[in-house]
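The structure under discussion appears below in the form of structure tokens.
This is the structure we're talking about:
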């Protein structure tokens, strides 16, 4: 390798001359992202053909209902609010090398506690304070739910992938039990929590149906991105994620940081649940589980855990899921086809990365 | 590099290495090694950890490919492309760590790797095993589960597995490390019977006594180079004690015209000064794969360099980690400039001036994917002026990093380059800059020149001398006796987790330390 040949004194000068290389880098990255997505659309199109659906009609319909119709784009932007919170939580965890796959359980428990507390609190305090308190409660409950995997990982080294997944099964069931037995609205026949009146929910933006939760979600993910990239705390988490032994060697309190990561990640998932309830749904019906948590994971990976890129991919995911829901009703393609599409994208992307890596390796050798 | 002892390729060799070189990032693991392996001989590869034994075995067993040089099998150059290929060529390897499936029976383990479409031929196997074990005088319980066998028995199964596959060359990698003394003796006898049947054996060890007791031919490896070979004729001519002392001379002895040899400048350490670092009765519990420490005590005064000599893996790393606070000590006192620090955390100890320069540069010393600039400050994350109220001050970091790059002559294309892309020597400079920066009082160097080229080795040693000259206390852990002799004021020898003696670095220090290292009284 030629690394040793550059004189140290010229180090800063070299940074400037590498601007051209950076632009090539960006082009390459763009190609490596968009190319596989196109390939994935083709593959998914073949599957659609195989089940007897015209892929162009499907894609056209998804785009129209999710992006180009006024109602569709408003629904898409509204859907983004909880997804952005979840993505923010995953970015923190993944950058710190911890695989919090318990997002759904944390999300639902946050949603249920928000749905249970908000209608009660708005009767005793000003609306803004009530909503703030509900957010807080949802966040704390989700944090507590993550404590078991966090402690096990921090002090016993138990693999958090297993524990968070187990806790998410328990969490979704527990949330259901709470809806049916504890927080059930006596005034309705279907089991659901009391409904938060529309005028007490988060305000809508301007003259549209878009929830202002979108702004909260954007703020959350941007703050998370800046904390992870620009602060000492974020750097500590990244050190733990990139090389845990170096973290110990550098004297970082790894167990404490581990618990903090789980708390932040779960807290954001809880806030995602709260923002969906307080902003849009108004109540939680029994057996309600949108499974956003798992759907967001690929988006965060595609964005390589970059907050700004994640906003883009969450938007794409929203378009697909809103458009996919409409297309499902119209064209008879199952609703879950959206997930099939996203996973094909992810697999093709991983393959492309592997091939690219091998290509570079062989060129170097 | 001396080629005097290397024998030319001989028709009797079943496997021969010619000028084999293998490099890893920052390290030359094997440097132009010649080796001839003959039937009917136990060829001992002797060397410390990191001497390049495992890499050599990796290439013979098809796990790795040499960068330069060639391997001859039956006199023909043959690239050994995979472990399967190695087996097909008749090269069987018994690795340091057991490679049997503990939940299966011995017979099932021996049948693993057969064609998947065929029913396992148990009868055939039993007949074959009976034939082999009969001639070797061992018994193997074919239907016992592997997990029920002792480590020695498991090893016999592994050897048997190699024999069942018609191996002509058997490689035993550190095979005695997990055996009892009786098990070691039995293994020795078994090896003798195997070579009598015409097999070739390569026996890897770092224990001198085993090498002398079991070997027919010994090749001594040191830092990736083959230092010398002791052929069978010479073996026969000498007694065991003479062999051992000859090997000690080869492994630790001074070589003529050694460019590393530097006269140690006379420095006076103020014997009256209060010690900067005092360690008394430091004890660490042993773990599954590492020895503990028993009651380690020493003092280091300002400006003094105390060396820790010993064969690698005798508790050196544990000592360094326990002092730095990375490893829990079960007892003992550690005082830094008079204040007790044994209850403090890693960060607090560093804050007070204790610095630990790790030997594992990429594993724990740096975060490989992070830029060079950040790696300078890994141990100061959050501290002013590089962070203010927790927010990174990129300009400040880059300014200071550029200073350190200049001051320590780190050769890097830019401050943003991931540190793992630098050479070993330059990574070491980053670590030196980080640990020796302001506020250091006591510095622990763990194998500071391991794997470095000559220029970087000399530069690192000069840094360490300068450190002591500034009035800091230095603990220098090294497996390179030459290095210790050229730098230390006193040398303590560690063996099995305790200090077996301390020698002032005077004229006869070389022999006295050498004797302590192989377990004789100084």
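Chains as they are written, first to last, in the numbering used here: chain A, 260 to 624; chain B, -1 to 520.
Ideal Cβ positions, reconstructed from N, Cα and C, are used throughout, including at glycine.
With distance defined between alpha-carbon atoms, name the residue in the options nearest to residue i.
i: residue 492 of chain A; options: B:388, B:440, B:398; result: B:388
i: residue 368 of chain A; options: A:398, A:501, A:579, A:591; result: A:398
i: residue 594 of chain A; options: A:584, A:487, A:571; result: A:584
i: residue 432 of chain B; options: A:516, A:508, A:479; result: A:508
i: residue 223 of chain B; options: B:463, B:30, B:448; result: B:30
i: residue 302 of chain A; options: A:620, A:424, A:596, A:618; result: A:596
i: residue 212 of chain B; options: B:33, B:221, B:43, B:382; result: B:43
i: residue 137 of chain B; options: B:300, B:158, B:477; result: B:158
i: residue 66 of chain B; options: B:16, B:238, B:241; result: B:16
i: residue 349 of chain A; options: A:420, A:462, A:334; result: A:420
i: residue 196 of chain B; options: B:168, B:108, B:228, B:314; result: B:168
i: residue 292 of chain B; options: B:328, B:318, B:272, B:300; result: B:328
i: residue 364 of chain A; options: A:408, A:327, A:512; result: A:408
i: residue 139 of chain B; options: B:155, B:450, B:129, B:336; result: B:155
So, does the CB of residue i fall closer than 9 Å to a CB anywhere in chain A?
i: residue 315 of chain B; result: no
i: residue 285 of chain B; result: no
i: residue 364 of chain B; result: yes
i: residue 377 of chain B; result: yes
i: residue 510 of chain B; result: no
i: residue 57 of chain B; result: no
i: residue 361 of chain B; result: yes
i: residue 63 of chain B; result: no
i: residue 358 of chain B; result: yes
Could you give the DSSP three-state label for residue i: helix, strand or coil?
i: residue 500 of chain B; result: strand
i: residue 497 of chain A; result: helix
i: residue 382 of chain B; result: coil
i: residue 444 of chain B; result: strand
i: residue 204 of chain B; result: coil
i: residue 180 of chain B; result: helix
i: residue 453 of chain A; result: coil
i: residue 143 of chain B; result: strand
i: residue 254 of chain B; result: Residue placement at residue 254 of chain B is flagged as unreliable, the pLDDT there being 46, under the threshold of 50; the coordinate-derived value follows with that caveat. If DSSP states are grouped into helix, strand and coil, residue 254 of chain B belongs with coil.
i: residue 375 of chain B; result: coil
i: residue 18 of chain B; result: strand
i: residue 76 of chain B; result: coil
i: residue 155 of chain B; result: helix
i: residue 324 of chain A; result: helix
i: residue 391 of chain B; result: coil
Which term fits residue i, buried or exposed, when burial requires 16 or more other beta carbons within 10 angstroms of its beta carbon?
i: residue 164 of chain B; result: exposed
i: residue 485 of chain B; result: buried
i: residue 329 of chain A; result: exposed
i: residue 32 of chain B; result: buried
i: residue 518 of chain A; result: buried
i: residue 435 of chain A; result: buried
i: residue 320 of chain A; result: buried
i: residue 22 of chain B; result: exposed
i: residue 239 of chain B; result: exposed
i: residue 542 of chain A; result: buried
i: residue 334 of chain A; result: buried
Please tell me whether residue i and residue j are closer than 9 Å, where the distance is taken between their beta carbons.
i: residue 578 of chain A; j: residue 312 of chain A; result: no
i: residue 485 of chain A; j: residue 474 of chain A; result: no
i: residue 172 of chain B; j: residue 202 of chain B; result: yes
i: residue 112 of chain B; j: residue 84 of chain B; result: no
i: residue 11 of chain B; j: residue 302 of chain B; result: no
i: residue 375 of chain B; j: residue 393 of chain B; result: no
i: residue 39 of chain B; j: residue 225 of chain B; result: no
i: residue 535 of chain A; j: residue 370 of chain A; result: yes
i: residue 315 of chain A; j: residue 304 of chain A; result: yes
i: residue 440 of chain B; j: residue 513 of chain B; result: no
Let me see if you follow: with CB-CB separation under 9 Å, is residue i close to chain B or not?
i: residue 481 of chain A; result: no
i: residue 353 of chain A; result: no
i: residue 356 of chain A; result: no
i: residue 562 of chain A; result: no
i: residue 516 of chain A; result: no
i: residue 509 of chain A; result: yes
i: residue 505 of chain A; result: yes
Does the distance between the C-beta of residue i and the nearest non-hydrogen atom of the ligand ADP fall short of 8 Å?
i: residue 548 of chain A; result: Looking for the ligand ADP in the displayed structure turns up nothing, as the structure carries no ligands at all.
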